[in-house]
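> Quick note, the sequences are listed as chains Y and H, same order. Its first residue numbered 97, the first sequence is counted upward by one per residue in our numbering. Its first residue numbered 354, the second sequence is counted upward by one per residue in our numbering. For every residue, glycine included, the Cβ atom is placed at its ideal position computed from N, Cα and C. Please read all numbers here as calculations on a predicted model, not as lab measurements.
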Amino acid sequence: MSKTTADLLPCGDPVQFLNEQGELTGPGAEAEARGYTMPSDEDLLAVWRQMVIGRRFDTQATALTKQGRLAVYPSSRGQDACQVAPMLALQADDWFFPTYRDSMALVSRGLDPVEVLTLLRGSWHCGYDPVATNTAPQCTPLATQAVHAAGAGHGLARRGSDGVALCFIGDGATSEGDFHEGLNFAAVFNAPTVYFVQNNKYAISVPLAKQTKAPSLAYKGIGYGIRSEQVDGNDAAAVLAVTRTALEHASSGSGPFLIEAHTYRLEAHTNADDATRYRESDEVTQWSTRDPIARLRAYLTGTGALTAEIEEQVTAEAEEYAARVRERMNAEPEVAPLSLFEHVYAQPTPQLREQADLVRAEMDEVRA
Amino acid sequence: MSTQTQSTGTVTMAQGLNRALRDALTEDEDVLVFGEDVGTLGGVFRITDGLTADFGEDRCFDTPLAEAGIAGFAVGLAMQGFRPVIEMQFDAFGYPAFEQVVSHIAKMRNRTRSMLTMPIVIRIPYAGGIGGVEHHCDSSEGYYAHTPGLHVVTPSTPADAYSLLREAIASPDPVVFMEPKALYWSRAELELPVTTEPFGRAAVRREGSDVTVVAYGPQVPNALKAAEVAADEEGWDVEVIDLRTLVPFDDETVAASVRKTGRCVVVSEAAGFGGVGGEIAARVSERCFHSLAAPVLRVSGLDIPYPPPILEHTHLPGVDRILDTIARLQWDDQPDVARLEVSR
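So this is what it looks like as structure tokens:
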């Protein structure tokens, strides 16, 4: 099937179902023609619930940096719809490729929060089992995971699985060569891989205008023959709808899909960053009014799907979740210096065994 | 591998490598061979000759021309349980893949506490001596040997080419498989199944009692030739060790030899400064100090970017440079005065 430019290009404006007030505006004719359908209230309630829990997790993690329990934490507050909705669209046999900013997404996928925070706690690099969870380690080098996701998608297809590889990536990382090589490999091999760009407007301090002249990051798909879309990343309904279509597109053998989600990082790059050096507080205030959780809450309250009782229940659930994370993170992590030698090779080399003996002797000396 | 002994007669190293890929593809359906021009063409050095025709494009295939893409694609496939064998077409063309190799392929086992492993073989035709123009003749083994998590292997005979590549493909860990281009067409007997030593064991290619010459990959034949000349012309009995694997390194065989001979020359084709040869010299000094009658000397390429083909003979360590270096090993109990003067 040959693809025409029109088949590949994103909508002129980001796909939106709910406006900033949470009113149903509908996707518009252009988006409707592309098959994006409004999710059910039930699904949206699940997204809202997980966003409330996810954000509570996120603020808890930031608090843990202040108590010295985390070495660093890159918050995704404000990007909650992007963090949560795609996770609820994933199936168990799909693979997820997160970055360092996607801790909220990982817990939304059901991963253990303490295992998720292992990297940022500094007690190991990746705390969860990638094979058991179908989730790659959080990627700190930029865009390298884009190629992994192409290979993993191709691997899933080779195995005859319906699974899709979903790759998260930031706006800054779209400037890296590996982003382009990933898209190209995924396209050439017709891999079931979905690229989800969270355009949160800044790469640490550098604004998007300094990354690209493209009208939208979603336009970067067309050169590779990849169907692409842009979506209001603070409208959880639209994010869920577009991600579902993308996953179906990939899973059904139609090849990769690129999504640009327009969103905003309300916090600094990490707790160690000072965002006042590169952006105005007015801008942050303006984006605060586009809060994805408030927007979906307004909509679901309007339809009657979200009641005061449910809200109270979910708020309590989120508090309980954060309390458990806090409690577990307050325990000293178990670290075993000699384990440093156990995972370099399947069998330690003679040189590593010598160095392990050295460290063992040093430890004995300290104890004596 | 067939358990029946089967002589293939004399084969080139290129044919030995091709046979290893064939046997691995036959035995394990998860083995995939891919890279630039490895399909229809059979690779620019014909190492993958006929694999696509015999195993199908599904098992041996061409990729877009992007080395980071090739290496990263292999990471994703390894996540799905495949055993990718990828080719970097030339040493210096492997550099775009460096981040994928160093940050992901080498580290994945460690990052995930062995929950996710990377059984990937990165084949790299390397080193010079073939009259190649710039960017086609680098000795890049040092970059990989300096990266924990990678095995670095380099054969010097067709039999080792076969057996080390089979072992590399079967390895649970990533292997950077450095193929000395200049030896692709060297011939030797290949008898299957090959019973060479596994990773981490060096081979004593020639026994001797006066001096140990440690070499690997493209310089092994030169070391052997130098040993012959030294015996004929100077009466020095030279022991030649072929390292076969740089990582893991066989301290045991090397140290035992130097303790026996009391003298050591380390030969590598790469630029000397900061290289594998220096590491080996240091290891020998640390382990054999009291057995040494002379400092450990190195023979290496010059500390220059790889020269244009007409000048490559000036750069490459050859038999003469190895012999000259052996001659400097204080045979008359005289210090190597000329070399001790600090040049300004």
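Looking at chain Y, which residues of the segment 591-625 of chain H have a Cβ within less than 9 Å of any of its Cβ atoms?
600, 601, 602, 603, 604 and 605
> Determine whether the beta carbon atoms of residue 525 of chain H and residue 442 of chain Y lie at a separation below 7 Å.
yes
> My assumption, with CB atoms under 8 Å, is that residue 445 of chain Y sits in contact with residue 601 of chain H. Please give the rounded CB distance.
4 Å
> May I ask you to list, following chain order, the residues of the segment 428-442 of chain H that have a beta carbon less than 7 Å from some beta carbon of chain Y?
428, 429, 430, 432, 433 and 435
> Between which two residues does the beta strand (DSSP E) harbouring residue 353 of chain Y extend?
353-358
> Would you mind working out which of Y:386, Y:368, Y:388 and Y:362 sits nearest residue 376 of chain Y, comparing C-alpha positions?
Considering only alpha carbons, the answer is Y:362.
> Which chain Y residues are close to residue 373 of chain H, counting only those with a beta carbon under 7 Å from its beta carbon?
Residues of chain Y passing the Cβ test: none, with the nearest at roughly 21 Å.
> At the level of alpha carbons, what is the spacing between residue 292 of chain Y and residue 497 of chain H?
33 Å
> Does DSSP put residue 629 of chain H in a helix, a strand or coil?
Correct three-state label for residue 629 of chain H: helix.
> Just reading off the beta strand (DSSP E) that residue 565 of chain H is part of, what are its end residues?
Annotation: the continuous beta strand (DSSP E) that includes residue 565 of chain H extends over 564-568.
> Could you tell me the boundaries of the beta strand (DSSP E) in which residue 388 of chain H lies?
384-388
> Against chain Y, which members of the segment 496-510 of chain H pass a CB distance test of less than 8 Å?
501, 502 and 504
> With DSSP as the reference, label residue 256 of chain Y as helix, strand or coil.
Coil.
> By the DSSP assignment, the beta strand (DSSP E) with residue 592 of chain H in it spans what residues?
591-595
> Just the Cα atoms here: how many angstroms apart are residue 360 of chain H and residue 542 of chain H?
8 Å
> From which residue to which residue does the alpha helix (DSSP H) around residue 209 of chain Y run?
209-212
> Within 7 Å (strictly less), CB to CB, does residue 459 of chain H reach chain B?
Considering every chain present, this structure includes no chain B. Its protein chains are Y and H.
> Should residue 263 of chain Y be flagged as near chain H, meaning a C-beta pair shorter than 7 Å?
no
> Just verifying my parser: in three-state terms, what is the DSSP assignment at residue 399 of chain H?
coil
> Straight-line CA distance for residue 380 of chain Y to residue 522 of chain H?
53 Å
> Using beta-carbon positions only, say whether residue 214 of chain Y and residue 206 of chain Y come within less than 7 Å of one another.
no
> Take residue 362 of chain H and list the residues in its own chain whose beta-carbon comes closer than 8 Å to its own, dropping the five residues that flank it on each side.
542 and 543
> Using three-state DSSP, classify residue 496 of chain H as helix, strand or coil.
helix
> Just to confirm my understanding: we take residue 591 of chain H, look at its own chain, exclude 5 residues before and 5 after, and list those with CB closer than 6 Å. What are they?
561, 564, 566, 580 and 583
> Excluding the 5 residues preceding and the 5 following residue 618 of chain H in the sequence, name in chain order all residues of the same chain whose CB lies nearer than 8 Å to its CB.
564, 565, 566, 567, 649, 650, 651, 652, 675, 678, 679 and 682
> Closer than 8 Å, Cβ to any Cβ of chain H: which residues of the segment 155-183 of chain Y, in chain order?
none
> Count the CB pairs spanning the segment 271-287 of chain Y and the segment 239-259 of chain Y that are closer than 8 Å, and state whether there are at least three.
Segments in contact, yes.
> I want to know whether the segment 346-362 of chain Y touches the segment 295-306 of chain Y - three or more CB-CB distances under 8 Å.
yes
> Would you give the residue range spanned by the beta strand (DSSP E) that residue 490 of chain H belongs to?
Note, residue 490 of chain H: premise wrong, no beta strand (DSSP E); not H, not E.
> Does chain H have any CB closer than 7 Å to the CB of residue 189 of chain Y?
no
> Name, going along the chain, the residues of the segment 515-534 of chain H whose beta-carbon falls closer than 7 Å to a beta-carbon of chain Y.
525 and 526
> What are the uninterrupted segments assigned as alpha helix (DSSP H) that are 4 or more residues long and contained completely in the segment 114-188 of chain Y, given in chain order?
124-129, 137-162 and 176-185
> Is the segment 145-156 of chain Y in contact with the segment 366-374 of chain Y, if contact means three or more CB pairs nearer than 8 Å?
no
> How far does the beta strand (DSSP E) with residue 478 of chain H in it reach, from first residue to last?
474-479
> Can you list, in chain order, the residues of its chain whose CB lies under 7 Å from that of residue 634 of chain H, leaving out five sequence neighbours each side?
619, 649 and 651
> If you check the beta carbons only, do residue 204 of chain Y and residue 180 of chain Y fall under 7 Å apart?
yes
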